[in-house]
Each structure stands twice: as structure tokens, then as C-alpha cells.
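I have placed the structure first, in the form of C-alpha cells, so that the comments after it can refer back to it.
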Amino acid sequence: MKIFVDTAKKDEIKEAESWGILDGVTTNPSLIKKAVETAGKGVSLEDYIKDILRTVEGPVSLEVGASSLEEMISEAKVLYDKFNPINDNVVVKIPVNTYMCDGDDNFSGIKATKALSDQGIPVNSTLIMTPNQALMAAKAGAAYVSPFVGRIDDLIRKRIGLKRGKDYPKGTYYPEELAIRVWENKLGRFIDEQEIDNIIYRDHEIMKLFDWANDNGIFSGIDMLWSVKKVYDEYEFDTEIIAASIRTARQVRLCAEMGVDIATIPFSVIEKMMIHRKTSQGMKAFCDDVIPEYQEILKG
Ligand code: G3P
6 MKIFVDTAKK DEIKEAESWG ILDGVTTNPS LIKKAVETAG KGVSLEDYIK DILRTVEGPV
66 SLEVGASSLE EMISEAKVLY DKFNPINDNV VVKIPVNTYM CDGDDNFSGI KATKALSDQG
126 IPVNSTLIMT PNQALMAAKA GAAYVSPFVG RIDDLIRKRI GLKRGKDYPK GTYYPEELAI
186 RVWENKLGRF IDEQEIDNII YRDHEIMKLF DWANDNGIFS GIDMLWSVKK VYDEYEFDTE
246 IIAASIRTAR QVRLCAEMGV DIATIPFSVI EKMMIHRKTS QGMKAFCDDV IPEYQEILKG
């Protein structure tokens, strides 16, 4: 699985690059806003972006800011023409559907994806929330699709919270796990971690009993990814899947297990992927056990 970092912060990109694990970068207007706020005033955003492009050899997604077809195509070309010559690694991010309110249409994003892909500009189709959107984006020629795992969990978590009269905070809760606890109550027995994984990620039937814990038959962000991958495998699309809106190391592990092409991961989550308390304890024990004779050898 390729690892992209989901950030526009240069120090995070450079740090992940220095670990030898980085295959690309994804940004969006919100991430650029955060990066600029952190970098402070007086920074040339154009130079800043160029520096990011030079830091990584892999693809760097830059997103358009408009929502009309003409403006998206025009902005995508500006981004591509201005920045791709730097390191030949620009991918333009286009929302799969730019509808926001009455009067907007639902199809400008897909039309822009088709038009830009036809012109040889690689498109990352973003804000994918359903397997059907991913299917349409692939058919329109997107080089990448970005299903938003965490935001689907947000939606389902909110629905479960409403049902149960609770407000579950973002990032602290896997909606499917709550459903598992409810299922345990029904069964009258504890369901262990392995069984949870089997139920949630390999045997969806039990989860589908929870009508209130799903979104149109999808009951978690990871479940949506499974579905997108199944569709893509079935029809052998070349479009690569970027698991996006990742919030936890566990989600990364599940992405890797299912064989997703790419996960784009916030830097803080990439850091957590390296940490385990038993590794630290083991490290301490090894250091404590270095006897003087061995230390002499190690000195060389
Ligand atoms: O890759 C998309 C990502 O930036 C959105 O993440 O956590 O804001 O849903 P999040």
C-alpha cells in the first residue's frame, strides 16, 4: 500500500519523506489554509507549494476552489500549467459533485473530471462518499478516487447518537463498535476483537441488521472502501483508490489488509503507526542488558 500524507504542512511532509515511507501528498483548500496559518505571514504560497512539489517524487494533489464547470476546468489548468513543470507530479483534485444548494447541478464535477482526463491532466476525484460515485468517477477517467472514510463514520456516528440520545465526539469512536456492543447485549456474550473484525469487515450480514447504523446499506467508512474496491476489482478499472479522511491507525491497518492502493493519512496518525508500548519496554530492556564486554565490541 502506498502511503500519502494528508497535509499541506511542509515540515510534516519533509519529516515523513525523511523516514523513507512517503509515496505522495494530498492537500485540499482546508489543509492549505491550516498550513499557511502555521507558516505565518509573509510566505509566498506559490513558492511554498513549489517546495512541496520538489520534496516528494510521488503525486501531489492540489484542489480547485471553484464549483462551476468552467471555473473548475480553468483553475485545474492553471494549477497544472503553473506547478506541474516543477517536478512533473501534480494531480488536480476535483470534487465528484459540487452541488451545495438549490440551483447547483450535480454533474459539474464529473464533467470536469472527464474533460480534464481527456486532456491528459490526472484527476483525483474527491469527496467520494458512495461506491456509486466512485464508479462514475472511474468511468469518467479519474486517475484516482478519494473515498472519505472518516466522514462516513461521522455521519453514521451522528445517526447512532441521535438514536441513542448521545453525542459521540469525533475521532473517539468507531460507529460499528457501538453496534457490536448492542449486538453483544442481544447475544448475551462478549465478542472478541477477531470476531468483531470478521463480522464488520468480512461478514457484513450481521451489521446490516442495524438499519439505523448504516448509510444506504453502508455501515462504516471502511465498509464503503470494501465496496469501492470490490467494484473496481470486478471491472478492472485502472483508477487507483486513495483511502482518505483517515482518522486512526486501526483504519490504516484495515486499508492495508484489504489491499487498497493508497491511504492518505494525517501526519499525526502516521506517527501513531510506529508506536507500541511493548516496543518501548523491549527497547528499554535491551538497552539495560548491554553488558560492558558487548559495549566494547559495539564501539568498534
Ligand atoms: O483526504 C481528505 C481529508 O483531508 C479530509 O479529512 O478528517 O477532514 O474528514 P477529514
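Going by the numbering used here, the sequence shown opens with residue 6, and the numbers climb by one from there. C-beta atoms are modelled at their ideal positions from N, C-alpha and C, and glycine is treated no differently.
- The continuous beta strand (DSSP E) containing A248 extends over residues 245–248.
- Distance from the CA of G287 to the CA of P271, rounded to the nearest whole angstrom, comes to 27 Å.
- In this structure, V69 sits near I99, with a CB-CB distance shorter than 8 Å.
- Per DSSP, reduced to three states, the secondary structure at S232 is helical.
- Within the same chain, Cβ atoms closer than 7 Å to the Cβ of R59 are found at I91, N92, the five residues on either side in sequence being excluded.
- In the DSSP assignment, I196 falls outside any alpha helix (DSSP H) and carries neither an H nor an E.
- In the three-state scheme derived from DSSP, where H, G and I count as helix and E and B as strand, I267 is classed as strand.
- Secondary-structure assignment with DSSP links V96 through a beta bridge to S66.
- DSSP places N137 outside any beta strand (DSSP E); the residue lies instead in the alpha helix (DSSP H), whose first and last residues are 136–144.
- Under the three-pair Cβ rule at 8 Å, the region 148–164 counts as touching the region 241–259.
- Straight-line measurement puts the Cα of N94 at about 8 Å from the Cα of V61.
- Under the three-state reduction of DSSP, S73 is assigned to coil, being neither helix nor strand.
- Listed in chain order, the alpha helix (DSSP H) elements of length 4 or more contained wholly in the region 25–67 are 34–44, 50–60.
- Within the same chain, S113, K116, A117 come within 6 Å of L74 by CB-CB distance, once the 5 residues on both sides are set aside.
- By the Cβ rule, the region 154–167 counts as touching the region 248–263, because three or more pairs are nearer than 8 Å.
- If you look at I8, you'll find it in the beta strand (DSSP E) that goes 7–11.
- DSSP, reduced to helix, strand and coil, places P127 outside both helices and strands of the structure shown, so it counts as coil.
- For S273, the enclosing alpha helix (DSSP H) starts and ends at 272–277.
- Exclusion of the five residues before and after I223 leaves M229 as the residues of its chain whose Cβ lies within less than 6 Å of its Cβ.
- Taking C-beta atoms as the reference points, I54 and F88 count as a pair closer than 8 Å.
- K82 and S72 have their alpha carbons spaced roughly 15 Å apart.
- T135 is classed as buried because its beta carbon has at least 16 other beta carbons within 10 Å across all chains shown.
- In this structure, L259 sits near I227, with a CB-CB distance shorter than 8 Å.
- When the Cα atoms are used, K235 and F242 turn out to be separated by approximately 11 Å.
- Secondary structure of S285 (DSSP, three-state): helix.
- Exposure of L303 is indicated by the presence of fewer than 16 other C-beta atoms within 10 angstroms of its C-beta.
- Beta bridge pairing from DSSP links P152 with I133.
- Short note on F153: C-beta closer than 7 Å to some heavy atom of ligand 1.
- In the structure shown, I296 adopts coil according to DSSP, grouped into three states.
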